[in-house]
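One structure below.
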Amino acid sequence: MQETREAVPQPLVVQAATADPAVLGLAVFVLGSIVLGLNLVDYVTPGGSVLAIISAGTGLFLLLVTLWCTRLSQTYLAAVFGIFSAFWLTYSALLLGLGHNWYGITEVEDIVDTIRAFLIAWSIILFFLTVSALRLPVAFPILFGMIDLAVVIVTVAWLADSPPNTDLLKVGGYVVFAFAALGAYAFLGAASASLGGRGFPLGSPLVK
Amino acid sequence: MQETREAPVRVPQPLVVQVAPEGDPQILGLPVFVLGSMALGLNLLDYVSAGGSVVPIIFAATGVGLLIATGWAARLGQTFVAGVFGIFAAFWLSYSALLLGLSHNWYAIPAEDVAGTIRLFLLSWASLIFFLTVASLRLPLAYPLVIGLVDAALIIVFFAWVGDAPPNTDLLKVAGVVVLAFASLGMFAFLSVASVSLGGRGYPLGPTLVK
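Keeping their order, the protein sequence lines are chains C and W. First residue of the first sequence? That's 1 in my numbering, and the numbers climb one at a time after it. First residue of the second sequence? That's 1001 in my numbering, and the numbers climb one at a time after it.
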């Protein structure tokens, strides 16, 4: 039997306990997605009906989760939650601003163009977010890709001749429900892991 | 000259110790949650009819207090506690935003769509709280019971608002009783946490349903 000898005493590493911001972030993201999906499938028609949840619930709390991630030095997670916080807060600002004429946009065609510009800008940034997420487990690029798909479908609905095309909005709403379900699955997995259980499988990264 | 061979060096694995500041954020989170629940329960039981009567408590005490408890739990590394308090902080703050926004017409919602907007709010929250109930099954029974009763109350209030306004007041009163029931359970959990924080015993909160 070969002898071994101790070179150094066992090192002691002291780490600060950290909590996972994804549990709260995913939950409020799912909440905002459900309310948006119900609005798009015309459960309630006025766009303003979603505002209480998407501003005071989803937008605000994703912002707090972003700050939480930055404190933990979780760079990419902070960016993702920050981008989605920006989405929900700018969507709130769009609805409130158009509803109260804050932006001085009065002509109907200008209002339609403003909504189109908002949607096109977000479609582009979400496309690049999807590409950047390819190193994550496959569930995340799928999630971001579906969000981008929903925004593109709603954009096309607003580019129609007599905007918006309500049939296309409903298709967008069903895509929103689909990614809300995927978000709920990721939330349940993160919650299970936080309570000592197993996380749920999220697939392998597409790019290593 | 004879060579001497030294025995291989065994590098010991580091011993990782996680440390967190002490304290239990439930001591703040539970009482402010109970406070908001009592205000809501009394409102649903028609002690005061106006929905806005609950806003000072649910916004400035429950919503803000739960937000602070969320930050405290996050600092202690308590992921799930931070998640639960954060979700309920979002509930009370968005409920405040709904009541304030509807009464001041912030959201430009026509009168005929107000009931639908309230149903939309309730249905969305009932869906999320259902997932939270499922997620909490690894905790002692009292916790999924509280969260499940919150979901039951939301669903009952949703059905009270199905159809045109005004809502079905009998169903609202049933929901009010459910709200006071989960408030009582929350108060029991608070007394347990308070007892432990002062060196006493915790109260029995039941077994976990999922191990």
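Every residue, glycine too, gets a C-beta built ideally from N, C-alpha and C. Values in this document were obtained by computation on a predicted structure and should not be read as measured data.
Distance check for A139/C and L1030/W, CA to CA, integer angstroms please.
35 Å
Do V1034/W and A1142/W have their C-beta atoms within less than 7 Å of each other?
no
Taking DSSP's pairing of strands, which residues face T1208/W in a bridge?
P1140/W
What's the C-alpha gap between M1001/W and P205/C?
Unreliable positioning characterises M1001/W in this predicted model, as indicated by a pLDDT of 49, which lies under 50. A coordinate reading is not provided.
Listing by chain order, which chain W residues have their CB less than 8 Å from the CB of Q15/C?
V1016, V1017, Q1018, V1019
Using the C-alpha atoms, what's the distance from A1069/W back to W122/C?
34 Å
Terminal residues of the continuous beta strand (DSSP E) containing L12/C?
12-16
Out of G1200/W, V1193/W, Q1013/W, S1103/W, which has the shortest C-alpha to C-alpha gap to A1050/W?
S1103/W
I124/C: buried (16+ other C-beta within 10 angstroms of its C-beta) or exposed?
exposed
What does L1019/W pair with, by DSSP beta-bridge criteria?
The sequence as given places Val at residue 1019/W; Leu does not occur at that position. As a beta-bridge residue in DSSP terms, V1019/W pairs with A16/C.
Is there a Cβ from chain C that is less than 7 Å from the Cβ of R1138/W?
yes
Note down, in chain order, all residues in the stretch 1049-1065 of chain W with a beta-carbon under 8 Å from any beta-carbon belonging to chain C.
none
So, with DSSP's three-state summary, where would you put P205/C?
Of the three classes helix, strand and coil, the one that applies to P205/C here is strand, per DSSP.
Which ranges does the beta strand (DSSP E) cover as unbroken runs of at least 3 residues, wholly within the stretch 143-178 of chain C, from first to last along the chain?
Complete beta strand (DSSP E) runs here, min 3: none at all.
Could you compute how far the alpha carbon of Y76/C sits from the alpha carbon of K208/C?
16 Å
How is the alpha helix (DSSP H) around V108/C delimited, first residue to last?
108-132
For I1058/W, I'd like the list of residues in its chain whose CB is within less than 8 Å of its CB, leaving aside the five on either flank, ordered along the chain.
G1036, A1039, L1040, W1092, Y1095, S1096
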